[in-house]
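Following: one structure in structure tokens, then a few remarks.
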Amino acid sequence: MSKTEQLRQSVLRSVQMVRYAVPLREGGSLPAIAEGDDGFDYVIKFKGAGQGTRALIAELIGGELARAAGLKVPELVFAEVDEVFGRTEPDEEIQDLLQASTGINLALHYLSGAFTFDPVVTDVDADLASRIVWLDAFLMNVDRTRRNTNLLVWHKELWLIDHGAALYFHHNDDHYSAYIDRPFAQIKDHVLLRRARRLEDANVHMKTLLTRQVITSVVAQVPDAWLDNHGAPFDDQRQAYVDFLCGRLDKSDVFVKTAEDARNVLV
């Protein structure tokens, strides 16, 4: 048994997608609502989309670390897509996407009746806002802004979705260590920054939850099929993510200060 197999925990289920229902054209990567063989609906993110499997890796790592930190995230599942899935879809662009996505994709449980968070309408307490801002600064997530909040309100609770834009540098640079102690200037655009009055408390709290063991267990779930076949051994590629995330935790004062400075400008 490999080191990865020993660490991998059966957190994410595998679900066969049986019906392509509705494309979500507001997403640049053409996600869709699909039905699984378990009878539930999911929002599926396809590995054949423009950002490829790196976006799925960020989605898995970001979502599961958020969950480990006590934040609400829809269930993530490995979405199995076969060659006949969506065959009746008439759109050629979607057909090409589905053909390029045969195998393991990623999906989020569809929160029926949820609505997009509006910062003008819905208040968020300082503790929760601070933890979310901290997480996005930690993950270098560029996509939680007023223009695109990637937050849903469901049963009067705030749910985090869409972490595919986190760890943005891994699309172009394999030297993750260079980003460990970098400030995250884009945090100035975060939709919850103004409410994040407890960033120092959030820093202490989140670091007690996101231990090396937790991070390693989450990263261990990244499938071999999403990793670079022409790069380092798969376990080494996963270890690079673990080393980056653990190193960034050790340097958290850097991105917390950047967030605090940006918030002081706002208020």
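Residues in the sequence shown are numbered consecutively from 1, following UniProt numbering.
Backbone N, C-alpha and C fix where the C-beta goes; we use that ideal spot for every residue, glycine too.
If you're wondering where the values come from, they're calculated on a predicted model, not measured in any experiment.
Taking DSSP as the reference, what is the three-state secondary structure of ARG8? Interpretation of ARG8 is limited by its pLDDT of 45, a score under 50 that renders its predicted location unreliable; the figure taken from the coordinates is listed afterwards. Coil.
Taking C-beta to C-beta, are MET17 and VAL81 nearer than 8 angstroms? yes
Any alpha helix (DSSP H) of 4 or more consecutive residues that is wholly inside the stretch 110-193: 126-139
Whether or not the stretch 187-207 and the stretch 252-267 are in contact is what I'm after, with contact meaning three or more pairs of Cβ atoms, one per stretch, closer than 8 angstroms; do they touch? yes
Option in ARG146, ALA68, LEU245, ALA100 with minimal Cα separation from THR122: ARG146
Could you tell me the alpha carbon to alpha carbon distance between ASP19 and ASP189, rounded to whole angstroms? Position check: residue 19 holds Arg in this sequence, whereas Asp was assumed. Cα to Cα, the separation comes out at about 37 angstroms.
If we count the other Cβ atoms within 10 Å of its Cβ and call it buried at 16 or more, is GLY164 buried or exposed? buried
Applying the 10 Å Cβ sphere with the 16-neighbour rule, what's the burial state of LEU65? buried
Considering only residues of the stretch 183-249, which uninterrupted alpha helix (DSSP H) runs meet the minimum length of 4 residues and lie entirely inside it, listed in chain order? 199-209, 212-219
Would the stretch 124-141 and the stretch 79-94 be scored as touching if the rule is three or more Cβ pairs under 8 angstroms? no
At which residues does the beta strand (DSSP E) containing PHE255 begin and terminate? Counting along the chain, PHE255 falls outside any beta strand (DSSP E), though it belongs to the alpha helix (DSSP H) covering 252-266.
Taking just the CA atoms, how far does ASP228 sit from PHE234? 8 angstroms
Nearest-angstrom beta carbon gap, ALA55 and LEU30 [assumed within contact, 8 angstroms]: The Cβ separation is near 12 angstroms, so there is no contact.
Mind checking LEU245: buried by the 16 CB within 10 Å criterion, or exposed? buried
Can you tell me whether VAL256 is buried or exposed, with buried defined as 16 or more other CB within 10 angstroms of its CB? buried
Sufficient close CB pairs (3 or more, under 8 angstroms) joining the stretch 149-168 to the stretch 103-121: yes
Please list the segments of the beta strand (DSSP E) lying wholly inside the stretch 24-75, counting only runs of 3 or more residues, in order along the chain. 32-36, 41-45
Short of 8 angstroms in beta carbon distance, which residues of its chain neighbour THR258, apart from the five on each side in sequence? Order them along the chain. ALA137, PRO183, PHE184, ALA185, ILE187
Comparing C-alpha positions only, which one of SER130, LYS251, GLY86 sits nearest to PHE21? Here the sequence assigns Ala to residue 21, which means Phe is not the residue at that position. Of the candidates SER130, LYS251, GLY86, the one whose C-alpha sits nearest the C-alpha of ALA21 is GLY86.
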